[in-house]
Amino acid sequence: MRREDLVAATVAVLAEAETVLPPWVEEAIREAAARETSPIARSQLEAILENIGIASEDGVPLCQDTGLPVFHLEIGRNLAVPSFLEEAIADGVRRATEEVPLRPNAVDPLTRNNSGDNTGPGMPDLIIDLVQGDCLRITAFPKGAGSENWSFLAMLNPADDPLDFVAEEVAKRAGRACAPVFVGVGIGGTFDLAARLAKRALLHMPGTSQMDRNLLTEINRIGTGPMGLGGDATALGVRIETALCHTASLPVAVNLQCWANRSSSATVRDDGWSID
Amino acid sequence: MEHRLRTPISQEEVAALRVGDLVWISGTVYTARDRVHALLASGEELPVDLAGAVLYHCGPLIRDGIVLSAGPTTSGRVGRFTRDVVDRGVRLIVGKGGISEDAEALRGRAAYLAYPGGCGALAARYLSVRRLHLPDLGMAEGLWELEAQGWGPMVVAIDPHGGDLYREAKRSAKRSSKI
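Heads up: the protein sequence lines correspond to chains A and B, in order. Position 23 (the first sequence) corresponds to 5 in my numbering; numbering is contiguous. With the second sequence counted from 1, adding 1 to any position gets you my numbering.
Written out as structure tokens, the structure reads:
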């Protein structure tokens, strides 16, 4: 794998994710607008659809919160993982910050000093999975604070009902998380595994199980609505991922994602790269 | 009802607003996020006059003096400074998500308008840069003086008479919840 290919692929997936929504996400918003019964809620969804059109026409970021640089890397087990992996992706983030451009969002948590280029300790954040094959798939998943701030994790009692808990908490929080939201749910594992399951649930959206659909119905029954102004469309998608947990534990994590469920992927091979 | 307003906003114009009304704004809009609010609450003099002003909870994406994307940021983070802001003369606050119990500080004096969150590219079509105050705070946290031309529609989400769409949505949620 050539270093310049990985840098170029990183810039390209960030640029695409920031300006063009995945078609299935736009379609989900369009369907919600068609179904919505509250006029104020419908006006919010129509503005969102107009915004999506302008961003892709003008090639400008959908949202001024261009997020923190989160990437999902699916690394083929037969790939010789290059020594420059992390540095090349960080280079791509710095270039994208200049070229897209992205708002410099990454600050030191204590001094609040801005690094200026969206990179630094812990950033970009790389979520790594090993898969079959001999190439690298890189997905940009920029994460804005508006939805990340309202995500949550709880160590429930095994006797509690985790789905009721999630529905109630999401209904309370979604209005401030730029609803209609996508809801990634991680149930089980340990404290930190539950959080990673929740983020992976977002990466694997949309959910397809009966349990996913039931929870979506339950959240939308409560009427928080787009932007918390009341209405039918509180959530557009739910996905639940689980792992075994200790017999004495019930960790539950929810990673909220705003309507702008931005992502874009590319595949990098030995001899080049291409957007998926 | 529809209102096309130009800054500075008068007391009468604010008093005419009711929740659910639509508003379009022309004139000067000041951005303010966490750090400008913290300065203001500490009693610091700001380099702008906020009498009759429109304050926008926003950290825009701006390049070479062009507004590229400028949707609202979550108002809940700065809601506790609402009284400080209104005391300085701000008559309209534009944001997303509402300000919960801090809405009481608006009563009789100011209104809160909801602009759809995430709609940064859309807002940018109506906004241009006049100047950046407090540049040391950086792009997102600085105090941008923007020029708005027919920017909207925004929904009056909290009016100066105690109306609050967020509270209404929560109330109906309690009624429909099985618990």
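A virtual CB, placed ideally from N, CA and C, is assigned to each residue, including glycine.
Close beta carbons around residue i, own chain, < 6 Å, minus the five adjacent residues each side
i        : result
B:Val156 : Ala115
A:Val2   : Ser38
A:Val82  : Ala(-3), Glu0
A:Ala215 : Ala14, Glu18, Pro162, Pro208
B:Thr29  : Thr8
B:Ile180 : For B:Ile180, the pLDDT reaches just 41, beneath the cut-off of 50, and the residue's location in the model is therefore unreliable, although a value from the coordinates is still provided. Once the five neighbours on either side are set aside, B:Ile180 has no close Cβ partner at all.
B:Gly143 : Leu133, Leu135, Pro136
A:Arg44  : Here residue 44 of chain A turns out to be Leu, not Arg, going by the sequence shown. Ala37, Ala242, listed in sequence order.
A:Ala177 : Leu135, Ala235
A:Met193 : Ile222
A:Arg77  : Val(-7)
B:Val37  : Leu144
A:Ile22  : Leu211
Sequence-distant residues of the same chain with beta carbon closer than 8 Å to residue i, five excluded per side
i        : result
A:Leu238 : Ser129, Glu130, Trp132, Ser133, Val152, Arg155, Ala156, Ala159, Val163, Phe164, Val165, Gly166
A:Glu28  : Ala15
B:Asp165 : Val20, Gly99, Ala104, Ala158, Ile159
B:Gly118 : Gly72, Pro73, Thr75, Lys97, Gly98
A:Gly189 : Ala183, Arg195, Leu198, Gly219, Val220, Arg221, Ile222
B:Leu51  : Tyr31, Val86, Arg89, Gly90, Val91
A:Val89  : Asn95, Asn96, Ser97
Residue range of the unbroken beta strand (DSSP E) whose run includes residue i
i        : result
A:Gly126 : Counting along the chain, A:Gly126 falls outside any beta strand (DSSP E), and DSSP gives it neither H nor E.
A:Pro233 : 232 to 239
B:Arg64  : 62 to 64
A:Ala242 : A:Ala242 -> no beta strand (DSSP E), and no H or E assigned at all.
A:Val52  : 52 to 58
A:Ala273 : Shown here, chain A extends from -17 to 258; a query on residue 273 of chain A therefore has no answer.
A:Leu61  : Careful: A:Leu61 lies outside any beta strand (DSSP E) and carries neither H nor E.
B:Leu6   : 3 to 7
A:Leu218 : 217 to 225
B:Gly164 : It is not in any beta strand (DSSP E) - B:Gly164 carries neither H nor E in the DSSP assignment.
A:Gly254 : 254 to 257
Check whether residue i and residue j have beta carbons under 8 Å apart
i        : j          : result
B:Leu93  : B:Ile10    : yes
B:Trp145 : B:Pro73    : no
A:Arg59  : A:Ser247   : no
B:Val68  : B:Pro154   : no
B:Leu128 : B:Ala71    : yes
A:Asp258 : A:Met(-17) : no
A:Gly261 : A:Pro103   : Nothing about residue 261 of chain A can be reported from this structure: the residues present for chain A run from -17 to 258 only.
A:Thr79  : A:Asp99    : yes
A:Leu197 : A:Ala149   : yes
B:Ala170 : A:Thr206   : yes
A:Thr121 : A:His54    : yes
A:Val7   : A:Gly74    : no
A:Glu56  : A:Val(-5)  : no
B:Tyr57  : A:Gly210   : no
A:Ser65  : A:Gly213   : no
A:Val63  : A:Asp107   : no
B:Val15  : B:Ala111   : yes
A:Ala72  : A:Thr101   : yes
B:Met140 : B:Ile63    : yes
Own chain residues within Cβ distance below 7 Å of residue i, not counting five before or after
i        : result
B:Leu107 : Thr83, Val87, Tyr113, Ile159, Pro161
B:Gly151 : Trp25, Ser27, Tyr127
A:Gly171 : Leu179, Ala225, Cys227, Pro233
A:Asp142 : Leu232
A:Leu145 : Leu197
A:Gln26  : Pro208, Met209, Leu211
Boundaries of the alpha helix (DSSP H) in which residue i is found, first to last residue
i         : result
A:Asp203  : At residue 203 of chain A the sequence reads Arg, which differs from the Asp that was named. Start and end: 192 to 203.
A:Leu(-4) : -15 to 1
A:Leu138  : Per DSSP, A:Leu138 belongs to no alpha helix (DSSP H); it is in the beta strand (DSSP E), 134 to 138.
A:Gly74   : 67 to 81
Sequence ranges, alpha helix (DSSP H) only - wholly within the stretch 70 to 149 of chain B, length at least 4:
83 to 88, 121 to 125, 139 to 142
Ranges of the alpha helix (DSSP H) found wholly within the stretch 10 to 55 of chain B, counting only runs of at least 4
12 to 16, 35 to 42
Within the chosen definition, does the stretch 117 to 124 of chain B reach the stretch 78 to 92 of chain B through at least 3 CB pairs nearer than 8 Å?
no
Start-end ranges of the beta strand (DSSP E) lying completely within the stretch 144 to 173 of chain A, minimum 3 residues:
163 to 170
Could you tell me which uninterrupted beta strand (DSSP E) segments, each at least 3 residues in length, are contained entirely in the stretch 88 to 115 of chain A, listed from first to last along the chain?
107 to 113
Considering only residues of the stretch 20 to 48 of chain A, which uninterrupted alpha helix (DSSP H) runs meet the minimum length of 4 residues and lie entirely inside it, listed in chain order?
21 to 40
Under 8 Å, with one C-beta from each stretch per pair, do the stretch 215 to 229 of chain A and the stretch 167 to 179 of chain A reach the 3-pair mark?
yes
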